[in-house]
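What follows is one structure encoded as structure tokens, with my remarks underneath.
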Amino acid sequence: MERGSKSLRKRVISTLMNMKTDVSSIDDVVDVIERRLDEIHKRIDALEERIKRLEDLIDKGG
Amino acid sequence: MTLSIAIHSYRGGTGKSTTTSNIAVLLTLMGNRVATIDLDLTSPGLHVIYNVTQQLLKHTLNDYLFSKCNLEDVVINLTKYLGLPKGELYFIGASMKPEDIAKLMQYGYNESIFRELAESLGKEFNVDYVIFDTHPGLTEDTLMAVLSSDISLVIMRLDRQDISGTYLLSQVLRKFNKVCYVILNMIPQKMANSSELVEELSRTLGMPIIGVLPFYNEVLAHRSKGVFVLHHPQHPYTSKVLQIAKTLNSWK
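Chains as they are written, first to last, in my numbering: chain A, 1 to 62; chain B, 1 to 252.
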């Protein structure tokens, strides 16, 4: 068995070699996702806080 | 027909082997014949989760790749060993011997092996599923396994390293026109039920998300001592993995 003897291996390597990836776009995408995750997180926190306040109110009898 | 699935991730430690073993067991319990292959050849570990000792692992995938043995010699039937009441669960383990790993690094293996393995397991063992637990990252061997499989499942966590790496991986796989699905793993509990999270990540990564597995201390505390879903059938983690297994079962 030899490395690089068949087409799929060659295709994998040549595709990777020719990707010409714009790595700065990766940072941009990650920043966008991170921002959205933070927003979702904050919204969930706010919702939990609201639920907690409502539960406290119920406990106190309205 | 045999459906081959590659379980992959950009980074290590995302829970590929844990997810592989749990999905495999649940698919087996649905009455399927399932084969799992440890394709993390430079750092094998799936056998640990299955409690397969080195003594039981008489022949490994490495031996098969170097034509030292036949397929039936490397396949271990775990069905009775794990006490599974139905289906059949098979396992092909990888060698932990540094000399075997070095040999593989030096000589590599034939690219057609993944397809051949899936086909042979289909013919000789009549399996419904072949699940490859791969090595993380963008190595050529791993990518060949991913590209040779019918379905690829990419496991990712929500940390920055995983997000950037999985995005890169999605770009690479798109170049190969490979359809992949994402499983979000170890997700903070409070975010795990957010449909917004799933929609956002699916859209950005360009890959559908087929499951969200929250982080549970119990899974961590289990420390790979057996397949979690068998030890904790009522645990919420088990229910979440079951949903994924049901989806895969519907694709058969």
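We put the CB at the ideal spot given by N, CA and C, even for glycine.
From the options, residue whose alpha carbon lies closest to that of residue i
| i | options | result |
| --- | --- | --- |
| I155/B | L41/B, G211/B, E196/B | G211/B |
| P208/B | L57/B, A6/B, K80/B, V198/B | V198/B |
| L168/B | L16/A, R9/A, L8/A | L16/A |
| A102/B | T53/B, S43/B, E124/B | S43/B |
| I187/B | M30/B, D150/B, K240/B | K240/B |
| A192/B | R53/A, S24/A, I40/A | I40/A |
| Y107/B | P85/B, I76/B, M1/B, L65/B | L65/B |
| I37/B | G87/B, H235/B, S95/B | S95/B |
| G122/B | R33/B, L213/B, R11/B, W251/B | R33/B |
| S148/B | L173/B, E124/B, G226/B, N126/B | L173/B |
| Q55/B | I76/B, L29/B, E72/B, N70/B | I76/B |
| T139/B | F91/B, N185/B, L39/B, E124/B | L39/B |
| D159/B | L143/B, L184/B, Q171/B | L184/B |
| R115/B | Y129/B, M105/B, L26/B | Y129/B |
| P214/B | L78/B, L230/B, S194/B | S194/B |
| V280/B | L205/B, S164/B, K175/B, L82/B | An answer regarding residue 280/B cannot be provided, because it is not within the stretch 1 to 252 covered by chain B. |
| T247/B | R203/B, L220/B, V182/B, R223/B | V182/B |
| K97/B | S120/B, G87/B, K80/B, N62/B | N62/B |
| P236/B | Y216/B, W251/B, K58/B | Y216/B |
| G45/B | S164/B, K16/B, I244/B | K16/B |
| K178/B | S9/B, S152/B, T18/B | S152/B |
| G87/B | E119/B, S164/B, G31/B | G31/B |
| R35/A | K252/B, E200/B, T79/B, G206/B | E200/B |
Proximity test, Cβ basis, 7 Å: residue i and chain A
| i | result |
| --- | --- |
| K190/B | yes |
| E99/B | no |
| M144/B | yes |
| S194/B | yes |
| L61/B | no |
| E197/B | It is Leu, not Glu, that sits at residue 197/B in the sequence shown. By this cut-off, L197/B is an interface position. |
| T315/B | There is no way to answer for residue 315/B, as the model of chain B reaches only from 1 to 252. |
| E88/B | no |
| E200/B | yes |
Residue i at chain B interface by Cβ criterion, 7 Å
| i | result |
| --- | --- |
| L8/A | yes |
| I58/A | no |
| R3/A | Unreliable placement is indicated for R3/A, whose pLDDT of 42 sits below 50; no coordinate value is reported for it. |
Beta carbon proximity, residue i to chain E, threshold 7 Å
| i | result |
| --- | --- |
| L71/B | Protein chains A and B are contained in the structure displayed, whereas chain E is not. |
Same chain only: Cβ atoms within 8 Å of residue i, ignoring 5 sequence neighbours per side
| i | result |
| --- | --- |
| I58/A | none |
| I113/B | L65 |
| I5/B | Y129, V130, I131, F132, S149, D150, I151, S152, L153, L248 |
| W251/B | L3, I151 |
7 Å Cβ shell around residue i - same chain, five flanking residues per side excluded
| i | result |
| --- | --- |
| V232/B | Looking at the sequence itself, residue 232/B is His, so the reference to Val does not match. Taken in chain order, the residues that qualify are E218, T238. |
| V52/B | I76, F91, G93 |
| Q161/B | R11 |
| N22/B | V227, F228, V229, V241 |
| F176/B | L147 |
Contact set for residue i: own chain, Cβ-Cβ below 6 Å, skip 5 residues either direction
| i | result |
| --- | --- |
| L84/B | T28 |
| Y109/B | L65 |
| S224/B | V48, I49 |
* **Within 8 Å of chain A by C-beta, residues of the stretch 107 to 133 of chain B in sequence order** => Hits within the stretch, in order: Y107, G108, Y109, N110, E111, S112.
* To do: Could you list the residues in the stretch 19 to 37 of chain A with a C-beta less than 9 Å from some C-beta on chain B, going in chain order?
  => Answer set for the stretch 19 to 37 of chain A: M19, T21, V23, S25, I26, D27, V29, V30, V32, I33, E34, R36, L37.
* To do: Compile a chain-ordered list of the residues in the stretch 151 to 181 of chain B whose CB is closer than 8 Å to at least one CB of chain A.
  => L158, R160, I163, S164, Y167, L168, Q171, V172, K175, F176
* Between the stretch 42 to 53 of chain A and chain B, which residues of the former have a C-beta closer than 9 Å to a C-beta of the latter? -> R43, I44, D45, E48
* Pick out the complete beta strand (DSSP E) segments inside the stretch 86 to 152 of chain B, 3 residues or longer, and give them in chain order. => 88 to 92, 129 to 134
* **Members of the stretch 5 to 28 of chain B that neighbour chain A once the beta carbon cut-off is set at 9 Å** => none
* Every unbroken alpha helix (DSSP H) inside the stretch 16 to 100 of chain B [4 residues or more] -> Within the stretch 16 to 100 of chain B, the complete alpha helix (DSSP H) runs of at least 4 residues are 16 to 29, 46 to 49, 61 to 65, 71 to 74.
* What residue ranges within the stretch 148 to 214 of chain B form continuous beta strand (DSSP E) runs of no fewer than 3 residues, ordered along the chain? -> Whole beta strand (DSSP E) segments, 3+ residues: 151 to 156, 180 to 187, 209 to 214.
* Asked: Which residues, in chain order, does the stretch 212 to 231 of chain B contribute to contact with chain A at a C-beta distance below 7 Å?
  -> Within the stretch 212 to 231 of chain B, contact with chain A at the beta-carbon level (separation under 7 Å) is assigned to no residue.
* To do: Return the chain-ordered ranges of every beta strand (DSSP E) run that is complete within the stretch 208 to 247 of chain B and spans a minimum of 3 residues.
  => 209 to 214
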